[in-house]
Amino acid sequence: MNRKQLYIFIVTASIFGIGAVMYLFVTGQGFGNINTVCVFKNMTGIPCPSCGATRSVLSIMSGQFANAWYFNPLGFLLIALFALPFWVILDFITGKDSFYKFYTYCEQKLVKPQVYLPLCSLMMINWIWNLVKYL
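The opening position of the sequence shown corresponds to residue 368 in the numbering used here, with each subsequent residue numbered one higher.
Written out as C-alpha cells, the structure is:
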C-alpha cells in the first residue's frame with residue numbers, strides 16, 4: 368500500500384470508527400444488552416478475541432478503566448488508534464511522511480517470528496479470557 372492509499376484508508380476508517388463509537392457513547396447503547404455485531408459470535412455462539420472491545424472503549428471514555436480492562440484489554444489499544452487520523456492530518460499539513468515511515472517500520476517488524484509469535488500468544492490468551500468470561 369503506498370502512502371496516499373494508506374492515508375486515505377486511515378482517515379476513512381477513522382471517520383467511520385470514531386463516528387460509531389461516539390454514537391454508541393452519546394446514546395448509551397454500547398453498555399446495554401444490544402445485539403452483537405460480531406460475525407464470529409453470531410455464527411458460532413462463542414466470543415471472538417476482540418469481543419467486548421467496543422464496550423471497553425466506551426468504558427475508557429467514561430473513565431471506568433477497570434471495567435474497560437475486564438471487557439477487553441484491546442480497548443486500550445483501540446483508544447490509542449484514535450490518534451492515527453490526527454497524525455495523518457499533521458503529516459499532510461507539514462508535508463512529512465512520519466506516519467508512513469512508522470507504518471512501514473511496523474510492517475517490517477511484524478513479519479519476524481520473534482515479534483508475531485508473542486503477539487499471537489497474547490491474542491490467544493485474550494481469547495481464552497473472553498471464553499472464560501463468555502461476554
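Beta carbons are placed, not taken as given, at the ideal position from N, Cα and C, and that holds for glycine.
Taking 8 Å as the cut-off, the Cβ atoms of M490 and P416 count as close. Rounded to whole angstroms, F407 and I413 show a C-alpha spacing of 7 Å. S426 is classed as buried because its beta carbon has at least 16 other beta carbons within 10 Å across all chains shown. Each of A447, G419, T471 and V388 was checked against the Cα of Y501, and the nearest Cα belongs to G419. For Q481, the enclosing alpha helix (DSSP H) begins and ends at P480 to K500.
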